[in-house]
Every structure is written in C-alpha cells, then in structure tokens.
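Residue numbers (our numbering), protein chains in the order written: chain A, 363 to 620; chain B, 1487 to 1927.
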Amino acid sequence: MMHAKHLKYAALLIVTGLCASTAQAVKPATNRDTLMEGRRIYEQACAWCHGIGGEGDGPAGWFIGRYTSPRPRNFVNDGYKLRSTASGELPTDQNLFRVITQGIPGVMPAYRSLNERERWQVIAYLKSWNSAFEEETPAPLTFPSAPPGPTEAGIQHGRHLYVKLDCRVCHGDNGEGDGPEATAGHLRDADNLRIRATNLTDPSAWKNGASSHDLLRTLMTGLDGTPMPSYANEFDGQEEALWDLVWYIQSLSGQQGR
Amino acid sequence: MSRPSAAAAIAPLVMTVFALVSGTYAVSVPSAEAIPAFARKYTMNCAVCHTAPPRLNTFGERFLENGYQLPGTEDGGITAKKHLGDLSLDDFANHTGGRLRGNMLRSHNFKRQSPPAAEAGTVHNNSELGFPEIFSLFTAGSLTKNIGFFTELESNMEESSTGIERAFVTFNNLGGTNVANIRIGRMDPSATFSFSTLRQQLELVGESMNTSTDTVQRAGLFPLAASAKFYGLRNRSGTAISPYAPSLYNAVAETGIEVRGRPFGDWFMYQVGMLNGANETFGDSNKGKDFYGAVRFDYARSANFSASLSAFAYLGNSNATVLTGAGQADVNWHRYGMAAHVRYKMFDLYGMYTLDRIAHVPTAALANFDTSASGLSVACDRPYAPLTAIRQHGYRRGSQPAHVPKLRRGSDQTIRAVQCGPVCSKRLQPPTSRRRQCSGP
Chain A
363 MMHAKHLKYA ALLIVTGLCA STAQAVKPAT NRDTLMEGRR IYEQACAWCH
413 GIGGEGDGPA GWFIGRYTSP RPRNFVNDGY KLRSTASGEL PTDQNLFRVI
463 TQGIPGVMPA YRSLNERERW QVIAYLKSWN SAFEEETPAP LTFPSAPPGP
513 TEAGIQHGRH LYVKLDCRVC HGDNGEGDGP EATAGHLRDA DNLRIRATNL
563 TDPSAWKNGA SSHDLLRTLM TGLDGTPMPS YANEFDGQEE ALWDLVWYIQ
613 SLSGQQGR
Chain B
1487 MSRPSAAAAI APLVMTVFAL VSGTYAVSVP SAEAIPAFAR KYTMNCAVCH
1537 TAPPRLNTFG ERFLENGYQL PGTEDGGITA KKHLGDLSLD DFANHTGGRL
1587 RGNMLRSHNF KRQSPPAAEA GTVHNNSELG FPEIFSLFTA GSLTKNIGFF
1637 TELESNMEES STGIERAFVT FNNLGGTNVA NIRIGRMDPS ATFSFSTLRQ
1687 QLELVGESMN TSTDTVQRAG LFPLAASAKF YGLRNRSGTA ISPYAPSLYN
1737 AVAETGIEVR GRPFGDWFMY QVGMLNGANE TFGDSNKGKD FYGAVRFDYA
1787 RSANFSASLS AFAYLGNSNA TVLTGAGQAD VNWHRYGMAA HVRYKMFDLY
1837 GMYTLDRIAH VPTAALANFD TSASGLSVAC DRPYAPLTAI RQHGYRRGSQ
1887 PAHVPKLRRG SDQTIRAVQC GPVCSKRLQP PTSRRRQCSG P
C-alpha cells in the first residue's frame, strides 16, 4: 500500500504537471527568425485556406462557405470578428492565440497540435501583413465580473431585453436563428455573402465560444464584418442587465451558469 | 417563401443539357451517407476537406497524406475540442462512419440492348427497388502522434458478400516533417495521384462479369484509363480479369507497402511501393512482387487555384496469366501513366493517360493478343448548389480476342457519363446497367 507521504508527492507532481501543460509558452520576440519560422508553419498548415499571401484565397478556402459566409479570414485587409477589443479595433495577440488554439466550430480546426511557440510564431507572421498592428496596441475591453448566478427574475428580464434590443429579428423568437431577417435571406456580411443567424439553442456551433463569459464578450464586442453589432453602449453602466441577457440566451439551450 | 438563387434556378437546366449531350440515361435518386467521422472529430463541415465527397480539395489531400492529421502538424488526434473527463462514445464515433449506397429505383432497358429478343418477347424492360445495395463501415483516424489507420468494411447486399475493402496503417513524418510516410496493408496505390481512382466518383459503380462465362455484364464507372483494358487476362487462380476493372497502380485495393513524402517542400512528392500484385484478394501466389514509383508536382500558391501533374511507372512480375491451350502461362503486366489536375475555385478538371504493356506472352497465345493498350480519361466537375455535376469521358484502346464482335464506337470503347448529386451526399448514375455483353476468350 502506498504511503500517504508518497501520495502527497504524486498529487503534487500531477498538479505541477497540469499547471505546466496549461501554461502558455513565452511569446517569442518578433524578429526575422520568428517570422521565417512562422511563415514555414503558415505555409504548411494555414495557407490552404487563407492563401499564400494571407488574403483568404487559398485553393481550399472557396469550398468552406461556397457562396455563403464565412470565408477564410483575409489577414491583409479584413477586420476581425473574434476579439475582446471594441468594435472596429484590431484583436489582441491573445485573441488570435485563442482562435488558433480552439478553432472555430464548423469551419476551422483547432491547431493545438502546433506547440505554443509555433502558434505565437504564426501569429507574428500573419500580423506582418497588416501594418496597423505596428501602429496600434489593441487593448481589451473591461468585462464585468459575473454575479453569483442566474435568477428566474433575471432570466425574465433578459427575455425582455432580448425583445427590446431586437435580437429576435435575426435570431428568432426562440433563438433558433429563424428571425424574419434571417429567413428572408437579408443578412449579409462585409463581403456581401449571405450569412446565417446563429442558432442560440445550439451552443456547440457558437463561433466565439459558448461559456457565459464568451457570450458576454460577443455581446460587448460584436462580430465585426457581420450583422451582429456591439451592444457595449446599450449596456454602459448596466452590468447586471447585460448578465441577465446572457443568462436568458443561455437558458434557451439549458446552459445557464456555465 | 424566398426565391431560389440564380445558380439553383439554372442547375436543373445544366443537368439536363449535360445528360442530353452525354447520351446517357438513368434515374438518379439520392442515396444516404453518414456524417463523416473526421468532420465530427474536428467539428468542421465536410466542405473543409471535400469539393464534392469523396473528392478532396487541396486541404483534404494534405490531410490524407499526413496520415489523417491536420496538414503541417502531428496532432495524433488532438483536437482541443475535448476536455479531460469527456471520454465517451464520441471517442468511438470520431473514428467511425457509415455509408449506405444504392438506387431507390433502378431501370433496365433490356429491349434496347437486344432487339431480336424483344421482338420474340423473351426479354422485358423492368424497374426494381434497390436501396440499399451496399453498406460501408469506415473506421479511420490517428491512433497517436504520426500513427494512423484506415479500415473499410463493405457489405454488398446485391452480391451477398461482405469483406474488408481496404485496411492499412500509416507511419508518418519519419525522418522529419513529410520526409517519409509509410503505408502498409490493403490500400489504393493511387490515393495521392493527381487523378486518383477511388475519389473520382460520386458513386462507385463496379464492373460485373459472369463468373461461369466470363461475360461482361456491366461496365464499371471508373476512369477507363485506370481499367485493365485487356480481354483474356486472368489472375493466377484462373479467374478472368474484367477489362473494366481498375488495376495495377490504379487498383482499388492491393496489399503491399509504400513510402511517400515531400522532402523538398509542397511542390514535389515522391512515392515508391511494392505490392503482391497478383490480382488476388488475399495471399500472393506468384513468385515475385510488383513495384511502382510515382512523382507529383504541385502548385498551390495562387488565389483560389491549385494544379498538379503526376506520372507513374508500375512494373508487374508474373502478375497475370493467359490461356495457351495447354494451360495457363504467367505474363508480366506493366503500366505507365501520367495525369494532371487543375482546380479554380469550385471547378475541377482532371485528365489521365495510361499505357499498358504485357511482356513474356507465350508464343502460343501471342496471336490472340495485342501486347499494348492505352487509355485516356478526362473528367470535370462543378458544384451547382445543391447539386454537383461530374462529367467524365474515357477512351480505352486495347486488345480483344479475334472472335469477339467488333466493338462499337461509343458504346464500349468510349464511356461518357454524367453524374449529379447533392453536394454532401451522393447520386448514382451508371453508364448503363447491363451495358453490353461480349464473350471472353
């Protein structure tokens, strides 16, 4: 029988290992070597969809959306959908790292198989196409911390906000992505490609993440280049109401509090 | 109700024009196909890898080459979309997929094929319900970093047969990224060729022969350049090889080992392999092995465009037999070929030319055989949401026994076919059922 002291050491070792495995590698300095390595990885893993020049025109990219959104990101000219920064701003490096690591449901695989250093090298390379990254230092919005948990009254208030803010126009009365604008085919992205409204009852398909914090971030930042606007101004100083809307949307799929 | 898009509106017209031009007929009905396991595993839609399943786009080709790992990575099945504690049925489902194929309704025009018998009233046209005909069960994926596997179990209800179609393991990125990838098992050698055999058809329609009379009952809907071409060839157990059967380098499944890689970058791929090569389902009764080598040049650096050019040489070694009057004699059956592929946005154009040669034909049999044959196949496809049109032309020129009736141009030596099907599913359009019959030697 293993001694209690050994068990402690084993537990400590496991915890240390877990911490080490989830810690991010130190981001390499952006220099010539980093960019060269980033280019090598990009051309092997990313260029098939995003194109050799980063313009979203890789030989396989056309098939992803065919004639509907989304197409692969154009790193040269386009804005970025998935950010923690204000609408219209560039994403932070952490935002890019998150997308590469977790992928985008339906359209982009998760590249966790690249080690963290490789992911940072790719980020440095794809940022090199857009000079705005040299001129600006994107800053994430400050997001309100979560209250203890959803309440029935809060969810009801969230429903009220859902209707008041016209979320139903795109996402439908019950959040199934079947609002009148969506079903009429009026929703278009910045490239004038037809785009579907997200089905809020199916969190596994939410491109910006399905946790309550992910949802709140999406509401605050919007998804640039799509009909989904930022609601940061509507909820300025009304943190509790914002969370009520989050709880309500999550209630559509029975995911409250996650 | 919303109006259909322009592309959707003209799709039926395009289909009709294609069908008329090709001169083929068929009742096209959809078959069912399970959600691909890889799409589930990586939570992506099928269009990330496929143009029109099973055709692969450039990303899908590199995923296949990398042993079912994301291109440029050695993910070994890590998808990042699974959390500790989530081990469940998903882990099985992510490696498994099923497919049902068949025609809801099959029509046979026997009267047109045999007017005298029709006049005599001994043959009749008929229609039959035929779904499903074939059930396929796939298990595939990466066992761990750089070790992949693929198995396809197929049950053909029409032929009352069940067996393993293909099964192999892969060891990838040996000696460095994409330097050497090994594949061992029962596999399709042309999987990474510019015009691969298996991944060209919306529906695999195999050739059919009467085992007792060697009569060709149905031409397979494969690229004719990939077919056996020769009448009168047999495997070592004496069974006739259909002139329409995909064979040698272009075989659907042969047992062996191969190495391929792209050691100098994406622009160049090499492939060398060794097969049992005796056209036998299992085992290897001949004294030697067959060897093949191939090279492929790729270009995928322009906007929405990719192209490739491939060439191969396949050297057989006692891999077929012919009848000599006094028994069977071994012959060496070789093939050389090249293929090209161009893709722009969603339009694909494929072409392949092959040249077959038979060496060491016994003198007693030489009078009955040409020793060379050639084949040319051209195909193009273009998805029209929600359909995909594939048009294929094939030309086969080869030997035939003297007593076989002269082949009619446009019926046997040339197959023209149009396939159409839903983008993420399949439709069947065989050239014809019971296309023509001719006696073997």
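Here a beta-carbon is modelled for each residue, glycine too, at the ideal position from N, C-alpha and C.
Exercise. Got a sec, what are the start and stop residues for the alpha helix (DSSP H) ILE426 of chain A sits in?
Worked result: In the first sequence, the residue the question calls residue 426 of chain A occupies position 64. Run containing ILE426 of chain A: 423-427, per the alpha helix (DSSP H) assignment.
Exercise. Is any beta-carbon of chain B found at less than 7 Å from that of LEU444 of chain A?
Worked result: Here residue 444 of chain A corresponds to residue number 82 of the first sequence, with the count starting at 1. By this cut-off, LEU444 of chain A is not an interface position.
Problem set entry | Chain-ordered neighbours of PHE425 of chain A on chain B, where CB pairs are closer than 8 Å | By 1-based counting over the first sequence, the position of residue 425 of chain A is 63. Contact note: PHE425 of chain A reaches chain B through ALA1533, VAL1534, HIS1536, THR1537, ASN1543 and MET1832, using a C-beta cutoff of 8 Å and chain order.
Problem set entry | Runs of beta strand (DSSP E) lying entirely within the stretch 1672-1756 of chain B, each at least 3 residues, in chain order | Listed in chain order, they are 1702-1704 and 1740-1747.
For this session: Output yes if chain B places a C-beta closer than 7 Å to the C-beta of LEU535 of chain A; else output no.
Result: For the purposes of this step, residue 535 of chain A is taken as the residue at position 173 of the first sequence. Correcting the residue type first, residue 535 of chain A is Asp in the shown sequence and not Leu. No, no contact with chain B.
Exercise. With 7 Å set as the bound, which would you pick, yes or no: does the beta-carbon of ASN1765 of chain B sit closer than that to a beta-carbon of chain A?
Worked result: On the second sequence, position 279 is the one that residue 1765 of chain B refers to. It does not; no Cβ of chain A falls within 7 Å.
Problem set entry | From B:SER1593, B:GLN1814 and B:GLY1546, residue whose alpha carbon lies closest to that of TYR1528 of chain B | The sequence position of residue 1528 of chain B within the second sequence is 42, counting from 1. Taking only the C-alpha atoms, the option nearest TYR1528 of chain B is B:GLY1546.
For this session: Consult DSSP for CYS408 of chain A and reduce its assignment to one of helix, strand or coil.
Result: Position 46 of the first sequence, counting from 1, holds the residue named residue 408 of chain A. Reduced to three states, the DSSP call for CYS408 of chain A is coil.
Problem set entry | Coil, strand or helix - ALA1533 of chain B by DSSP | Walking along the second sequence from the start, residue 1533 of chain B turns up at place 47. In the structure shown, the three-state DSSP call for ALA1533 of chain B is helix.
Problem set entry | Check whether ILE403 of chain A and GLU480 of chain A have beta carbons under 7 Å apart | Residue numbering aside, residue 403 of chain A sits at position 41 when the first sequence is read from its first letter. Residue numbering aside, residue 480 of chain A sits at position 118 when the first sequence is read from its first letter. Here ILE403 of chain A is near GLU480 of chain A, since their CB atoms are less than 7 Å apart.
Problem set entry | Straight-line Cα distance separating CYS1535 of chain B from GLY539 of chain A | In the first sequence, residue 539 of chain A corresponds to position 177, counting from 1. In the second sequence, residue 1535 of chain B corresponds to position 49, counting from 1. So the two alpha carbons sit approximately 26 Å from each other.
For this session: Rank B:TYR1839, B:SER1858 and B:GLY1837 by C-alpha distance to the C-alpha of LYS1847 of chain B and give the top, closest one.
Result: Numbered from its first residue, the second sequence carries residue 1847 of chain B at position 361. The question names Lys, but residue 1847 of chain B is Val in the sequence shown. From the listed residues B:TYR1839, B:SER1858 and B:GLY1837, the smallest Cα separation to VAL1847 of chain B is found for B:SER1858.
Exercise. Would the beta-carbon of GLN1703 of chain B fall within 7 Å of that of SER1694 of chain B?
Worked result: Counting from one through the second sequence, the residue named residue 1703 of chain B turns up at place 217. Counting from one through the second sequence, the residue named residue 1694 of chain B turns up at place 208. When the beta-carbon positions are compared, GLN1703 of chain B and SER1694 of chain B come within less than 7 Å of each other.
For this session: Please list, in chain order, all residues of the same chain as PHE1596 of chain B whose beta carbon is under 8 Å from its beta carbon, the five residues on each side excluded.
Result: As a working mapping, residue 1596 of chain B is identified with position 110 in the second sequence. For PHE1596 of chain B, where only same-chain residues beyond five positions count, the Cβ hits under 8 Å are ALA1603, ALA1604, VAL1609, HIS1610, ASN1611, ASN1612 and ARG1920.
Exercise. If VAL1864 of chain B sits next to ALA1845 of chain B, beta carbons under 8 Å apart, how far is it from one beta carbon to the other, in whole angstroms?
Worked result: For the purposes of this step, residue 1864 of chain B is taken as the residue at position 378 of the second sequence. For the purposes of this step, residue 1845 of chain B is taken as the residue at position 359 of the second sequence. Actually they do not touch by this definition, with Cβ atoms about 29 Å apart.
Problem set entry | Residue-level contact to chain B via CB, ILE557 of chain A, 7 Å cutoff | Here residue 557 of chain A is taken as the residue at index 195 of the first sequence, counted from 1. Taking Cβ atoms only, chain B never reaches closer than 7 Å to ILE557 of chain A, which makes this a no.
Exercise. On the three-pair Cβ rule with 8 Å, is the stretch 1770-1784 of chain B touching the stretch 1720-1737 of chain B?
Worked result: Segments in contact, yes.
Exercise. Taking LEU1542 of chain B as the reference, which of B:TYR1836, B:ASP1856 and B:ALA1851 has the closest Cα?
Worked result: Position 56 of the second sequence, counting from 1, holds the residue named residue 1542 of chain B. Comparing Cα positions, the closest option is B:TYR1836.
Problem set entry | Span separating the alpha-carbon of VAL388 of chain A from that of ASN477 of chain A | Translated into the one-based positions of the first sequence, residue 388 of chain A becomes position 26. Translated into the one-based positions of the first sequence, residue 477 of chain A becomes position 115. When rounded, the distance between both Cα atoms is 11 Å.
Exercise. Considering ILE462 of chain A, what are the terminal residues of the alpha helix (DSSP H) in which it resides?
Worked result: Along the first sequence, read from residue 1 onward, the residue named residue 462 of chain A stands at position 100. ILE462 of chain A: member of the alpha helix (DSSP H) spanning 455-464, first to last residue.
Problem set entry | Local Cβ density within 10 Å of PRO1749 of chain B, reported as buried at 16 or more and exposed below that | Sequence index remark: in the second sequence, residue 1749 of chain B carries index 263 (1-based). Exposed.
Problem set entry | Alpha-carbon spacing of TYR593 of chain A relative to TYR610 of chain A, whole angstroms | Here the question's residue 593 of chain A lines up with position 231 in the first sequence. Here the question's residue 610 of chain A lines up with position 248 in the first sequence. Using only the alpha carbons, I get a separation of about 16 Å.
For this session: Flag LEU1660 of chain B as yes if its beta-carbon sits less than 7 Å from any beta-carbon of chain A, otherwise no.
Result: As a working note, residue 1660 of chain B is residue 174 in the second sequence. No, because no Cβ of chain A sits closer than 7 Å to the Cβ of LEU1660 of chain B.
Exercise. Which partner residues of LEU1615 of chain B appear in the DSSP bridge assignment?
Worked result: Position 129 of the second sequence holds residue 1615 of chain B. B:LEU1591.
Exercise. Closest to SER566 of chain A by CA distance: which of A:PHE459, A:ALA391, A:VAL525 and A:GLN612 is it?
Worked result: Indexing the first sequence from 1 puts residue 566 of chain A at position 204. Nearest of A:PHE459, A:ALA391, A:VAL525 and A:GLN612 to SER566 of chain A, Cα basis: A:GLN612.
Exercise. Apart from the five residues just before and just after LEU1619 of chain B, which ones in its own chain have a Cβ nearer than 8 Å to its Cβ?
Worked result: Counting from one through the second sequence, the residue named residue 1619 of chain B turns up at place 133. It is Glu, not Leu, that sits at residue 1619 of chain B in the sequence shown. Exclusion of the five residues before and after GLU1619 of chain B leaves ARG1587, GLY1588, ASN1589, ASN1642, MET1643 and GLU1644 as the residues of its chain whose Cβ lies within less than 8 Å of its Cβ.
Exercise. Starting from TYR1836 of chain B and walking both ways along the beta strand (DSSP E), at which residues does that stretch end?
Worked result: As a working mapping, residue 1836 of chain B is identified with position 350 in the second sequence. Start and end: 1833-1845.
Problem set entry | Contacts that PRO432 of chain A makes with chain B (C-beta to C-beta distance below 8 Å) | The sequence position of residue 432 of chain A within the first sequence is 70, counting from 1. Proximity of chain B to PRO432 of chain A at the Cβ level (cut-off 8 Å) is not reached, the minimal Cβ distance being about 11 Å.
Exercise. In three-state terms, what does DSSP make of PRO506 of chain A?
Worked result: Position 144 of the first sequence, counted from the start, is the residue given in the question as residue 506 of chain A. Coil.
For this session: Work out the CA separation of GLU1744 of chain B and PHE1681 of chain B for me, nearest whole Å.
Result: For the purposes of this step, residue 1681 of chain B is taken as residue 195 along the second sequence, with counting starting at 1. For the purposes of this step, residue 1744 of chain B is taken as residue 258 along the second sequence, with counting starting at 1. Here the alpha carbon of PHE1681 of chain B sits roughly 18 Å from the alpha carbon of GLU1744 of chain B.
Exercise. CB-CB under 7 Å to ARG550 of chain A, same chain, minus the five flanking residues each way: which ones, in chain order?
Worked result: Your numbering for residue 550 of chain A matches position 188 in the first sequence. If we look at ARG550 of chain A and ignore the five residues flanking it on each side, its Cβ neighbours are ARG556 and ILE557.
Problem set entry | Alpha-carbon to alpha-carbon, GLY571 of chain A and LYS1567 of chain B | By one-based count along the second sequence, residue 1567 of chain B stands at place 81. By one-based count along the first sequence, residue 571 of chain A stands at place 209. Reliability fails at LYS1567 of chain B, whose pLDDT of 46 lies under 50, so the model's placement of it is uncertain and the value that follows must be treated cautiously. Using only the alpha carbons, I get a separation of about 11 Å.
Exercise. Ends of the alpha helix (DSSP H) at PHE1596 of chain B?
Worked result: In the second sequence, counting from the first residue as 1, residue 1596 of chain B sits at position 110. It spans 1596-1599 - the alpha helix (DSSP H) in which PHE1596 of chain B sits, taken as one unbroken run.
Problem set entry | Other residues of its chain near ARG401 of chain A: CB distance less than 6 Å, five sequence neighbours each side excluded | Working through the first sequence from its first residue, we reach residue 401 of chain A at position 39. A distance below 6 Å between beta-carbons, with the five flanking residues on each side excluded, links ARG401 of chain A to the following residues of its chain, in chain order: TYR487.
For this session: Look at the alpha carbon of THR430 of chain A and the alpha carbon of ARG1868 of chain B, and state the distance between them as a whole number of angstroms.
Result: Start at 1 with the first residue of the first sequence, and residue 430 of chain A comes out as number 68. Start at 1 with the first residue of the second sequence, and residue 1868 of chain B comes out as number 382. In a straight line, the C-alpha of THR430 of chain A is about 17 Å away from that of ARG1868 of chain B.
Exercise. In its own chain, which residues sit with a C-beta less than 7 Å from the C-beta of THR1502 of chain B, not counting the 5 before and 5 after it?
Worked result: Here residue 1502 of chain B refers to the residue found at position 16 when the second sequence is read from its first residue. A caution first: THR1502 of chain B carries a pLDDT of 45, below 50, which makes its placement in the model unreliable, though a value can still be read off. So no residue of the chain qualifies.
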